[in-house]
Structures are given as structure tokens and as C-alpha cells.
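Down below is the structure, laid out as C-alpha cells.
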Amino acid sequence: MKQILFILMLLSWVSCNTQIDNDASVEVEADWKRLASYKAGETPPKPKNIILLIGDGMGVTQISAGMYMNNNKLNLEKFPVVGLHKSYSHDKLVTDSAAGATAFASGVKTYNGAIGVDADTIPVKTILEIAEDRGLATGMVATSTIVHATPASFIAHQKSRKMYEEIAADFMNTEIDFFVGGGKRYFDRRADDRNLYQELQDNDYVVSDYFKEDLIQCELSWKKNFAYFTADNDPLQVSQGRDYLFLASKMGMAFLRNHSEKGFFLMIEGSQIDWGGHANDADYIISEMIDFDRTIGEVLKFAEKDGETLVIVTADHETGGFAINQESEMGNLKTAFTTDYHTADLIPVFAYGPGAQMFSGIYENTAIFHKMKKALAR
Ligand code: MG
Ligand code: ZN
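Each residue of the sequence shown is one higher than the last, beginning at 1489 in this note's numbering.
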């Protein structure tokens, strides 16, 4: 029975869908002092929910450019705890998104291209699967295809990131409760003639897609699972009219909170900051960065009200060797790139909520998995 409408959510979404809400920073500050401060030797407070936001290719310069082009303001500034992670992979100082996401998802350094498998191609359990095992609700939202390296590494186990159809089939092996992203064709137009779109429906998912209806029009039931495809292949860029990251994330939080009393794990990816870096296109990076930050603001609002949610924002790596050069002005940047691939920079980690303090300092990218696992331990 499809029952629950998102009318109320829609109304609140429309009303706050304009600009970053800077007033919220005062409340956040009062709250973080309570949530992030505990004495040395004390066990950090445990969150009920974890929301991990990954800005693919989002190094310090991508963040800086987004901030200077957004009236010198980002929601990221509201985070009380900031750390840095070492992004290198098992065999390369410069990682790719598959090894980077597998490090976050499973706590292992693996080879570039690996999806949820270790350096010997052995499958490794992911934080999403651990959460699912413990009865938490789980979800993913991405602005790439849902089978692309970053989301794939949280649910699939394949030796190559290019095995999109095999990765899609792995979605049938873990009961993820909510997902939104592109890549419908890997589910319903496959070489093996399986129709995973239909299989999801048979497995008690409400499934819909961009061709049938807009995401906002979908009728969800808290009791069923939910999958929505935003494109056949890659979703559009923000500059071409894509605007679902904010809504899908907001829907995801509401849905998952109501789906299990035990809490939830949600991964949200701003996938295309990386693609702007590969294209050496500063405007592309900046528009994607600001879109991602707007979603971060909404997640922080949820976490503030909820009080039991750990929010972590990070990136897998930097892309482009992006720089802001001399003669730049606020709102008018002179940028440059050193490469059309990734770099080996240290990557910032932002944390808010119960357990946030664990994320200060400098550590390996794999430590993000271990810290999340510790936070989930009961
Ligand atoms: Mg990605
Ligand atoms: Zn990339």
C-alpha cells in the first residue's frame, strides 16, 4: 500500500530551497559544544544514525573556490571538527574513486579500480552491509550512476569498477532500503536479459524513474523499500538543470528515519565535482560544489534537530591539481590545473554530532571506516 505522501516535506523543502541559511550557524554552535566536547579518556557519545557525504574530487581548493564564489560562505564552515586523511591507495600514491570509496566503506587499502574487494580481490564487508546486518536502515544518493565507483564500493564486490552490470546485480544481494541515482540501463537493458528493475519490484521495492515521474511526485511507503533512477546513464550537470541531490537527500533522511527504529546509514555523493576537475572546468567544479554544500546544509539541519546523527563530509581525493592564482578576486577567480587526473593531496574531513571528535587529526582514509564502525558499535 503506497500511502505516505511527501506534501509536508515538499512544503518545507520549497520554503528553504533558496539560499544557504546562515542563521542556523548559531544553533549549530551551541549544539556542537554539547555534542563534540568530551574529556580525554571518555568514550565518545554514540550516534544512532550516520550520514557520510562524499564530494568526489573535492580537495581544499574546490572547497575554497566554491566558498569564494558563494559570497564567502559555505555550510561546511559550521562543522566543529575538521581532520585530514591520507588518500593514497594500496599500489598508487594517487588513488582512484573505487579504491578511495572501498577504503571508507570497508577499511582496506586496495588497488585502483577495486569495488569492495581487497588487494587480493577478496570481497570485504562494507559499513552499509554491517549496518544492514544490525537492523539499521540503509541508503545511498549519488549524482552519478548508482553503479559508479563511489556508491558501488558500499554495496558491490567486483574486481573492476567497469563491471557495471555485475555491480547492478549486486544490489539484489544486499537489502539496501533507499537509493537514488542514474544508471537505469544497467538494471533494465542488460546483456544477460535479467530485468533488475522488475526484480526490485518483486523484492518489495517501490521503483520509479525520471521517465515516469519526477522524484518529488513519487509516493513512498515507509514499509517498502525505494529506488529511483534519475537517468538512463549519467545524470545531467547542475548547470544543465539537475537539481535532485538536495531533495533526494532530504527524502532519504525522512524515509530512513521512519523505516527502522534502530537508526540508519546514508551515503550521499556529490559525484560531479570530480568530473569538473577532469574537464579542467572551474565553473563546473564550482556549481557542483555549491550544489553539494546546499545539501550539506540540509543534512546539518536534520542532524541538529535529531541530536543522534553523526555527519561526516569528506572526499576520496582531489582532482585536477586545481589552484586559485594571483589576481583572483572574491567572486572572480583566476584558476589553473596541473593535471586532468587526480592528485595525492591530503583531504579534509568534517564531522558533526555524537562521535564527531574522533575525526580530528591526520589519519589514513581507511580510518574513516574504523571510526564509523566504532560509532555504530552498541
Ligand atoms: Mg564518485
Ligand atoms: Zn575522478
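For each residue, glycine too, the CB sits at the ideal point set by N, CA and C. Small disclaimer: the values here were computed from a predicted structure and weren't measured.
- Between residue 1733 and residue 1780, the gap from beta carbon to beta carbon is short of 8 angstroms.
- Across the structure, residue 1548 and residue 1753 are spaced so that their CA atoms are roughly 26 angstroms apart.
- A check of alpha carbon separations from residue 1801 across 1639, 1758, 1587 identifies 1758 as the nearest.
- Residue pairing by DSSP places residue 1850 opposite 1572 in a beta bridge.
- Rounded to whole angstroms, the separation of the alpha carbons of residue 1556 and residue 1769 is 16 angstroms.
- A distance of 8 angstroms or more separates the beta carbons of residue 1582 and residue 1590.
- Taking C-beta atoms as the reference points, residue 1805 and residue 1588 count as a pair closer than 8 angstroms.
- Not one heavy atom of the ligand ZN is found less than 7 angstroms from the C-beta of residue 1816.
- When C-beta atoms of the segment 1741-1751 are compared with those of the segment 1621-1640, three or more pairs fall below 8 angstroms, so the two segments count as touching.
- Between the beta-carbon of residue 1593 and that of residue 1642 there is about 5 angstroms, and that keeps the pair under the 8 angstroms contact cut.
- The DSSP-derived three-state label of residue 1834 is coil.
- Annotation for residue 1585: the continuous alpha helix (DSSP H) segment containing it runs 1585-1594.
- For residue 1628, the uninterrupted beta strand (DSSP E) run begins and ends at 1625-1633, by DSSP.
- Membership of residue 1615 in the alpha helix (DSSP H) is indicated by the continuous run 1615-1621.
- Its chain contains 1544, 1545, 1807 as the residues whose beta carbon lies nearer than 6 angstroms to that of residue 1762, once the 5 sequence neighbours on both sides are disregarded; these appear in chain order.
- The shortest C-alpha to C-alpha distance from residue 1722 to any of 1782, 1633, 1609 is the one to 1633.
- Taking C-alpha positions only, residue 1787 is separated from residue 1812 by approximately 28 angstroms.
- For residue 1779, there is no enclosing beta strand (DSSP E); the residue is part of the alpha helix (DSSP H) that begins and ends at 1770-1794.
- The Cβ neighbour count for residue 1580, taken over all protein chains shown within 10 Å, is under 16; the residue is labelled exposed.
- Contact between residue 1660 and residue 1684 is confirmed by a C-beta separation of about 6 angstroms, below the 8 angstroms threshold.
- The beta strand (DSSP E) runs lying completely inside the segment 1652-1724 and spanning 3 residues or more are 1666-1670, 1693-1697, 1713-1717, given in chain order.
- Distance check between residue 1818 and each of 1667, 1539, 1554, 1618 places 1554 closest, using alpha-carbon atoms only.
- Per the DSSP secondary-structure output, residue 1540 pairs in a beta bridge with 1755, 1800.
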